[in-house]
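The sequence shown begins at 37 in the numbering used here and counts up one residue at a time.
The beta carbon of each residue, even a glycine, is placed where N, CA and C say it ideally should be.
All of these numbers come straight from a predicted model, not from anything done at the bench.
A quick write-up on the structure given underneath.
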Amino acid sequence: MNITRRNALILTAAASTASIAGISTRAYSAEGDIYNVDSLMNPTGWTDRAILGAEDAKATMIEYSSPTCPFCASFHAQTLPQVKSDLIETGKTRYILRPFVRNVLDAVVFMLADASGEGYHDVVSTYFSTQAEWSRSEAPRDALLAIALQLGFTEETFESALTNQELFAGMEAARDQALNEFDLTGTPTFYVNGKMLSGNKTFGDISAEIEAVQG
37 MNITRRNALI LTAAASTASI AGISTRAYSA EGDIYNVDSL MNPTGWTDRA ILGAEDAKAT
97 MIEYSSPTCP FCASFHAQTL PQVKSDLIET GKTRYILRPF VRNVLDAVVF MLADASGEGY
157 HDVVSTYFST QAEWSRSEAP RDALLAIALQ LGFTEETFES ALTNQELFAG MEAARDQALN
217 EFDLTGTPTF YVNGKMLSGN KTFGDISAEI EAVQG
C-alpha cells in the first residue's frame, strides 16, 4: 500500500472497509505474553509522539490503535478517560498511542495527527468520536476534510499532511514489526511493561495490570 498525493486525496468508499489481509479486529491468541521492552520502546520506522504521563512512572502502556476499528473507538470513548484521570495523571503509568494502519483511512488520520504537533491526541480522539461519519462515507476524503477543517486545518494544510511519504512508510514499518515481532493480531492491542493485552479492555483490566507493577 502506497500513499501519494493523488491516491491520498481521491479516497474511495472502499478504503473505509479494506483491511490488511489476515488481520482481525479482535483476537486474543497471545494474551499475557511478555515481549522485549527495549524493542517495544523503539519501534521500527516510528518515533512516538505526545507521550502522556510522568517520565518516572513505573508502568508504560503502549496502545496500537486503528482509527477505523470500532473496538478502538469504544475504548477511547468509554475507558481511556478514566485511564487518564486515575492512572496517567496520578503518575502511575505513561501512555503511548501508536498507529496500526489497516487501511488508507487509518493512515490519513495519523498523518493529520502528526501534522498537528501538540494536537496529536485531540486529532485522533476527534476522529474516533466521529468514526461513523467518515469511515462509512461514500466520499471519505470530503468527510475527513470536513472534520480536519473543524480542527484548524485548511484544505492546503490537509493536502500537505497527506504527502508525507516518509511518515507513511514509517507507519507501515511499525505495523509490520508489530505483526511479526510482537505477535499483534487485532486492534486495540496494549503492552504494559511488555505484557500483551488484546482487545477492548475495561478500566479494571488495565488498572489491574498497572497496579501490579507499582510495587
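| Query | Result |
| --- | --- |
| Reference SER110; option with closest CA among ALA149, ALA210, THR223, ASP69 | THR223 |
| Proximity below 7 Å, CB of ASP150 to CB of LEU203 | yes |
| Proximity test, Cβ basis, 7 Å: PHE146 and chain D | In the structure shown, chain D does not exist; there is a single protein chain. |
| Touch test, the region 236-251 against the region 115-131, Cβ-Cβ under 8 Å, three pairs minimum | yes |
| Residue nearest to PHE146 in terms of C-alpha spacing, selected from THR190, ASN216, PHE107, THR199 | THR199 |
| Whole-number beta carbon distance between PHE164 and HIS112, since they are thought to touch under 8 Å | 4 Å |
| Distance between beta carbons of SER102 and ASP142, contact taken as under 8 Å | 5 Å |
| For GLU191 and LEU185, the rounded distance between their alpha carbons | 7 Å |
| LYS231 - DSSP class collapsed to helix/strand/coil | strand |
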